[in-house]
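Working notes, beginning with the structure itself.
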Amino acid sequence: MANPLPPKERTKISRQKMPEQEPEHRRQNFTEVNLGLNFHLATQEAMRCLECAHPKCIDGCPVGVKVKDFIALVLAGDYLAAAAKIREDNILPAVTGRVCPQEDQCEGTCIMNKKFGAVGIGYLERFVADYERESGQIGLPAIAPPTGKKVAIVGSGPAGLSAAGDLVQKGHQVHVFEALHEIGGVLVYGIPEFRLPKGIIRQQVDYMRAMGVEFETNVVVGRTVTIDELMEKEGYDAVFIGTGAGLPQFMGIPGEHLNGVYSANEFLTRINLMHAYEFPKYDEPMVDFRGKNVAVIGGGNTALDAIRSALRLGAGKAFILYRRSEAEMPARKEEVKHAQQEGIEFQVLAAPLEFLDDGKGWLAGARCQKMALGEPDASGRRRPVPIEGSEYEIPLAVAVIAIGTSANPIVQSTTPGLNTNKRNYIEADATTQRTSRKGVFAGGDIVTGSATVILAMGAGRRAAKSIHEYLTTPGTW
Ligand SMILES: Cc1cc2nc3c(=O)[nH]c(=O)nc-3n(C[C@H](O)[C@H](O)[C@H](O)COP(=O)(O)OP(=O)(O)OC[C@H]3O[C@@H](n4cnc5c(N)ncnc54)[C@H](O)[C@@H]3O)c2cc1C
Numbered sequence: 001m002a003n004p005l006p007p008k009e010r011t012k013i014s015r016q017k018m019p020e021q022e023p024e025h026r027r028q029n030f031t032e033v034n035l036g037l038n039f040h041l042a043t044q045e046a047m048r049c050l051e052c053a054h055p056k057c058i059d060g061c062p063v064g065v066k067v068k069d070f071i072a073l074v075l076a077g078d079y080l081a082a083a084a085k086i087r088e089d090n091i092l093p094a095v096t097g098r099v100c101p102q103e104d105q106c107e108g109t110c111i112m113n114k115k116f117g118a119v120g121i122g123y124l125e126r127f128v129a130d131y132e133r134e135s136g137q138i139g140l141p142a143i144a145p146p147t148g149k150k151v152a153i154v155g156s157g158p159a160g161l162s163a164a165g166d167l168v169q170k171g172h173q174v175h176v177f178e179a180l181h182e183i184g185g186v187l188v189y190g191i192p193e194f195r196l197p198k199g200i201i202r203q204q205v206d207y208m209r210a211m212g213v214e215f216e217t218n219v220v221v222g223r224t225v226t227i228d229e230l231m232e233k234e235g236y237d238a239v240f241i242g243t244g245a246g247l248p249q250f251m252g253i254p255g256e257h258l259n260g261v262y263s264a265n266e267f268l269t270r271i272n273l274m275h276a277y278e279f280p281k282y283d284e285p286m287v288d289f290r291g292k293n294v295a296v297i298g299g300g301n302t303a304l305d306a307i308r309s310a311l312r313l314g315a316g317k318a319f320i321l322y323r324r325s326e327a328e329m330p331a332r333k334e335e336v337k338h339a340q341q342e343g344i345e346f347q348v349l350a351a352p353l354e355f356l357d358d359g360k361g362w363l364a365g366a367r368c369q370k371m372a373l374g375e376p377d378a379s380g381r382r383r384p385v386p387i388e389g390s391e392y393e394i395p396l397a398v399a400v401i402a403i404g405t406s407a408n409p410i411v412q413s414t415t416p417g418l419n420t421n422k423r424n425y426i427e428a429d430a431t432t433q434r435t436s437r438k439g440v441f442a443g444g445d446i447v448t449g450s451a452t453v454i455l456a457m458g459a460g461r462r463a464a465k466s467i468h469e470y471l472t473t474p475g476t477w
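Throughout the sequence shown, residue numbering follows my numbering, covering 1 to 477 in sequence.
Structure representation (structure tokens):
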């Protein structure tokens, strides 16, 4: 159906609200918070699209999803075609529909945004992706005849998965090596079930297997096998490195070694990948903090995922310690709102100076200091400035450090001639994703530093395009 409303009438429809679990209920379970639009809400939301002649939303999407076209298909009721339209540019729509920071991307540039509220592009993306998944009718794309070329993908996060999906469609033999025992990178070990159910990733992996992608887990490239061995002994013609930025950063303050202090990566991996949230079915060792205080230090998505997980595991009081104000928090706005609704306390403009020992090597609390905001720093955000004499102590059973991560180092240290920058991220051309080593390409967080799912996917796609050209027109590379 074509949109029956003139543009002015469309602006009178309010943005539809995403149905969600009630905060009092969801703070006790790990099932998804957002419940998805129904057919009626999706049609109403699609009706709001002004079908701009030059849609800004497409420019706002790092992978250029054809937003206007897919929304028109939603309105026409052809949800499978809408999903297929998104898949032309984005192989993981059920993921990005849930976790993309749309407010800074497609919805941020939507013409409706300022006056009427952006069209819920993320909501609609999720709606059609879920429809397609639940219908069991995900159509396999056409696969080109075999080229006889072999490509190794190192790391199975969004960058690796996107590269693999594109390359297999071009007829190359694609083999993904993953260090962990499950495929998906941060999508499975970092982002919790209540934001991104793991079943979605598993189904996506099955879909890619059906396309012909081969997956191998428990292989640490650089230890089990090196890039040189893959290329010289195992006959791989090209390699894509998408190993992410999973190395935790610590604060370097006294007491960080105490039992009960975790990096966010370890804390979330124990919960998500080792199933600590399914106790007693899975008995993953964790400090028993039920009924006690848990603090997470940081203000990004990782920090919020960690503290909301702690709350669901029974923390008595769960709070965020963040050294700037809420306005500077890098987390998605929706996650901040959800966390606040669930009763997470935000102690902003505060940072720990020291973790306190109970005398037996276990965490007993933290000595913190209050901050004020000074001039903007290199990141453009206002710098936190310590307030003299404002120290205070808080009792804690668990503290989780979520102040950022850095490059996973193993591949760099075992691949001679692979250039890195001073922070040990791999240097790759921004357009081709080509590295200093012939036939080796890289993309995602291992090149940019911690960023977003969609940016990693975009890099994976650019690399796939270059690898295909490299394999099919070798003289030009
Ligand atoms: C807790 C958390 C929440 C987040 N929330 C959001 C969000 O809401 N929205 C958003 O857009 N972004 C979010 N991000 C960021 C986003 O997840 C990352 O930017 C994205 O996953 C990067 O993708 P990638 O493919 O480069 O790397 P990753 O997803 O990190 O995947 C890299 C993979 O490579 C594997 N690997 C590493 N070294 C080796 C090796 N030597 N051999 C074999 N395999 C190896 C790792 O085990 C991992 O599986 C979040 C990140 C975290 C940690």
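Note that CB positions come from ideal geometry on N, CA and C, so glycine has one too.
Note that the coordinates shown come from a computational prediction; the quantities given were computed from them, not determined experimentally.
Item to check | Best match in A402, Y425, V239 and N272 for proximity to F250 [C-alpha to C-alpha] | outcome: A402
Item to check | The beta strand (DSSP E) enclosing Y425, as first and last residue numbers | outcome: Taken as a continuous stretch (DSSP letters only), Y425 belongs to no beta strand (DSSP E), as it is neither H nor E.
Checklist entry - Where does I387 land, buried or exposed, given buried means 16+ other C-beta within 10 angstroms? => result exposed
Next on the checklist: For V219, which residues in the same chain have their Cβ closer than 8 Å to its Cβ, ignoring the five residues on either side in sequence?
Outcome noted: F177, E178, A179 and V225
Next on the checklist: I'd like the list of long-range same chain contacts for P146, defined as Cβ closer than 6 Å, with 5 residues on each side in sequence excluded.
Outcome noted: So the qualifying residues of the chain are G171.
Checklist entry - From Q204 to I394, what distance separates their C-alpha atoms? => result A direct Cα-to-Cα measurement between Q204 and I394 gives close to 44 Å.
Item to check | DSSP three-state assignment for G218, whether helix, strand or coil | outcome: The question names Gly, but residue 218 in the sequence shown is Asn. Of the three classes helix, strand and coil, the one that applies to N218 here is coil, per DSSP.
Next on the checklist: Could you tell me the alpha carbon to alpha carbon distance between H25 and L187, rounded to whole angstroms?
Outcome noted: So the two alpha carbons sit approximately 24 Å from each other.
Item to check | Boundaries (first-last residue) of the alpha helix (DSSP H) holding A303 | outcome: N301 to R312
Checklist entry - Excluding five sequence neighbours on each side, which residues of the same chain lie with their C-beta closer than 6 Å to the C-beta of Y131? => result Y79
Next on the checklist: I need the boundaries of the alpha helix (DSSP H) containing G108, first residue and last residue.
Outcome noted: C106 to T109
Checklist entry - Is the Cβ-Cβ distance between E20 and L41 less than 7 Å? => result no
Checklist entry - Which term fits A142, buried or exposed, when burial requires 16 or more other beta carbons within 10 angstroms of its beta carbon? => result exposed
Checklist entry - A459 and G444 look like a contact to me (Cβ under 8 Å); what is the Cβ gap, rounded to whole Å? => result 5 Å
Checklist entry - Is the segment 80-96 in contact with the segment 113-129, if contact means three or more CB pairs nearer than 8 Å? => result Result yes; three or more Cβ-Cβ pairs closer than 8 Å.
Checklist entry - Regarding G190 and ligand 1, is the C-beta to nearest heavy atom distance less than 6 Å? => result Flag set: Cβ of G190 near ligand 1.
Checklist entry - If you scan the segment 436-472 from start to end, which runs of the beta strand (DSSP E) of 3 or more residues do you find wholly inside it? => result Listed in chain order, the complete beta strand (DSSP E) runs (minimum 3 residues) inside the segment 436-472 are 440-442.
Next on the checklist: Tell me whether D59, by its Cβ, gets closer than 6 Å to a heavy atom of ligand 1.
Outcome noted: Outside the cutoff, so no.
Checklist entry - So, do the segment 263-282 and the segment 377-391 have three or more beta carbon pairs nearer to each other than 8 Å? => result Under the 8 Å Cβ criterion, the segment 263-282 does not count as touching the segment 377-391, having fewer than three qualifying pairs.
Checklist entry - What first and last residue would you give for the beta strand (DSSP E) that runs through G374? => result L363 to P376
Item to check | Selected residue, minimal CA-CA separation from E256, among A318, W362, I241 and S325 | outcome: W362
Next on the checklist: If you reduce the DSSP assignment to three classes, tell me which class V539 lands in.
Outcome noted: Residue 539 lies beyond the range of the chain shown here (1 to 477); nothing can be said about it.
Item to check | Pair within 7 Å by beta-carbon distance, C106 and I86 | outcome: no
Checklist entry - Can we count V221 as close to ligand 1, meaning its CB is less than 6 Å from some heavy atom? => result Yes, since a heavy atom of ligand 1 falls inside the 6 Å radius drawn around the Cβ of V221.
Item to check | N-terminal and C-terminal residue of the beta strand (DSSP E) that V176 is part of | outcome: That run of the beta strand (DSSP E) goes Q173 to F177.
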